[in-house]
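Chains as they are written, first to last, in the numbering used here: chain A, 433 to 586; chain B, 433 to 586.
Heads up, the beta-carbon is just placed ideally off N, CA and C, and yes, glycines get one too.
In this text, all values refer to a predicted model and were calculated from it rather than measured experimentally.
2 protein chains.
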Amino acid sequence: MEQHYSRDILKQQIIEAGLKATHQRIVVYEALHELHGHHPTAEEVFQRLRPVNPSISLGTVYKTLDSFAERELVKRVLSEEGGKRYDANNLAHNHIYCSNTKEIMDYQDEELEALLVSFFQKRNMENFEIKSISVQLTGTKKDPDKQISITRTE
Amino acid sequence: MEQHYSRDILKQQIIEAGLKATHQRIVVYEALHELHGHHPTAEEVFQRLRPVNPSISLGTVYKTLDSFAERELVKRVLSEEGGKRYDANNLAHNHIYCSNTKEIMDYQDEELEALLVSFFQKRNMENFEIKSISVQLTGTKKDPDKQISITRTE
DNA sequence: TTTACTGCAAAATGTTTGCATAAGG
DNA sequence: CCTTATGCAAACATTTTGCAGTAAA
């Protein structure tokens with residue numbers, strides 16, 4: 433489940449995005465992978481990094497996340513709560529949001545993607561080029577302490 | 433296109449939501465209807481109301497929008513930009529987001545809703561009750577000055 | 001060596017809170 | 001009346017900015 437990314441690989445990706453691979457950027461990027469699916473704010477990334485990197489500054493984390501988002505190394509996550517949240521780029525474009533616990537969970541579903549792509553091919557969007565389609569399920573966990581699981585019935 | 437809501441009707445809805453229908457709440461609610469589809473922030477609502485209601489305070493607008501959202505009179509709109517945005521409740525759960533102009537446009541599509549509802553009935557969501565499904569199309573307007581139009585081809 | 005990035009601190013924004021006064025039911 | 005909402009100002013939180021010093025390429 434927890435995937436490992438070596439710093440060398442992360443460094444490479446930062447360089448490929450056209451940015452200098454500073455130590456701060458590498459550890460921010462690493463933290464985003466470790467927190468993948470948790471959609472942290474700049475503050476949360478900063479708090480996670482601080483113990484090990486005492487000299488890092490919050491301003492740098494803000495700037496770093498901004499530049500990552502601009503270069504599409506990470507994506508900004510939609511939020512109703514009104515703070516900027518980030519996630520390491522990945523394939524899951526869909527989110528499940530629990531309005532009780534405020535959790536935002538990633539949700540990947542190939543079949544859903546395919547369905548939507550084919551749906552929007554049949555729609556004629558004049559003057560708009562679709563870059564991505566994402567679905568947000570809002571609702572409530574029946575048992576806040578348990579996980580949500582999704583299986584196909586059919 | 434621009435739909436009219438009399439203050440009496442708005443007042444009625446506020447009361448039905450279990451809130452006292454103060455003048456401030458009525459004009460905030462009215463502004464949200466007038467700005468429907470524009471997804472304003474508290475600040476934007478405040479600026480709109482100020483000329484006609486010089487005594488209204490920004491704090492009240494914040495509190496009002498909060499209580500409206502809590503009572504589900506209005507909905508909070510998802511944003512990547514990290515500010516709280518609101519909209520009068522309506523049937524369109526889908527948004528089209530232009531990453532160049534930062535516009536968020538409402539998009540209603542019965543057929544899409546039906547497709548998704550039936551899709552998720554076939555998925556077995558353990559421990560989660562879906563309240564609403566919304567689709568976000570991210571992309572770019574080809575001509576920033578023109579409107580986006582959507583037609584069915586098939 | 002040159003350019004771009006960092007850290008720091010201050011400023012700018014955005015949002016919430018507490019409380020005395022005012023208004024709704 | 002009694003309760004709840006308002007306005008105001010202060011507190012708090014979040015994000016951006018400017019700049020001198022530092023590190024990457």
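So, residue i versus residue j, is the Cβ gap smaller than 9 Å?
| i | j | result |
| --- | --- | --- |
| residue 511(B) | residue 572(B) | no |
| residue 525(A) | residue 562(A) | no |
| residue 518(B) | residue 471(B) | yes |
| residue 439(B) | residue 462(B) | yes |
| residue 558(B) | residue 583(A) | yes |
| residue 459(B) | residue 497(B) | no |
| residue 500(A) | residue 544(A) | no |
| residue 479(A) | residue 528(A) | no |
| residue 516(A) | residue 513(B) | yes |
| residue 551(A) | residue 490(B) | no |
| residue 504(B) | residue 521(B) | yes |
| residue 538(A) | residue 450(A) | no |
Could you tell me whether any Cβ in chain B is nearer than 9 Å to the Cβ of residue i?
| i | result |
| --- | --- |
| residue 552(A) | yes |
| residue 496(A) | no |
| residue 523(A) | no |
| residue 574(A) | yes |
| residue 570(A) | yes |
| residue 563(A) | yes |
| residue 567(A) | yes |
| residue 451(A) | no |
| residue 558(A) | yes |
| residue 499(A) | no |
| residue 467(A) | no |
| residue 548(A) | yes |
Under a three-way DSSP split, which group does residue i fall into?
| i | result |
| --- | --- |
| residue 457(A) | helix |
| residue 549(A) | helix |
| residue 480(B) | helix |
| residue 540(B) | coil |
| residue 580(B) | coil |
| residue 498(A) | helix |
| residue 503(A) | coil |
| residue 434(A) | Only weak support exists for where residue 434(A) lies, its pLDDT of 48 falling under 50; the coordinates are left without a value. |
| residue 465(B) | helix |
| residue 449(A) | coil |
| residue 575(B) | coil |
| residue 563(B) | strand |
| residue 488(A) | coil |
Let me confirm a value: residue i is counted as buried when at least 16 other C-beta atoms fall within 10 Å, else exposed. Which label applies?
| i | result |
| --- | --- |
| residue 477(B) | buried |
| residue 474(B) | buried |
| residue 484(B) | exposed |
| residue 441(B) | exposed |
| residue 509(B) | buried |
| residue 445(A) | buried |
| residue 436(B) | exposed |
| residue 523(B) | exposed |
| residue 578(B) | exposed |
| residue 549(B) | exposed |
| residue 507(A) | buried |
Under 9 Å between C-beta atoms, does residue i make it to chain A?
| i | result |
| --- | --- |
| residue 538(B) | no |
| residue 533(B) | no |
| residue 433(B) | With a pLDDT of 46 at residue 433(B), under the threshold of 50, the modelled position of that residue is not reliable, and the figure given next carries that caveat. No, because no Cβ of chain A sits closer than 9 Å to the Cβ of residue 433(B). |
| residue 481(B) | no |
| residue 490(B) | no |
| residue 581(B) | yes |
Return the residues of the stretch 501 to 520 of chain A that lie within a Cβ-Cβ distance of less than 7 Å from chain B, sorted by chain order.
508, 510, 511, 512, 514, 515 and 516
Determine which residues of the stretch 437 to 464 of chain B have a Cβ less than 9 Å from any Cβ of chain A, and write them out in chain order.
none
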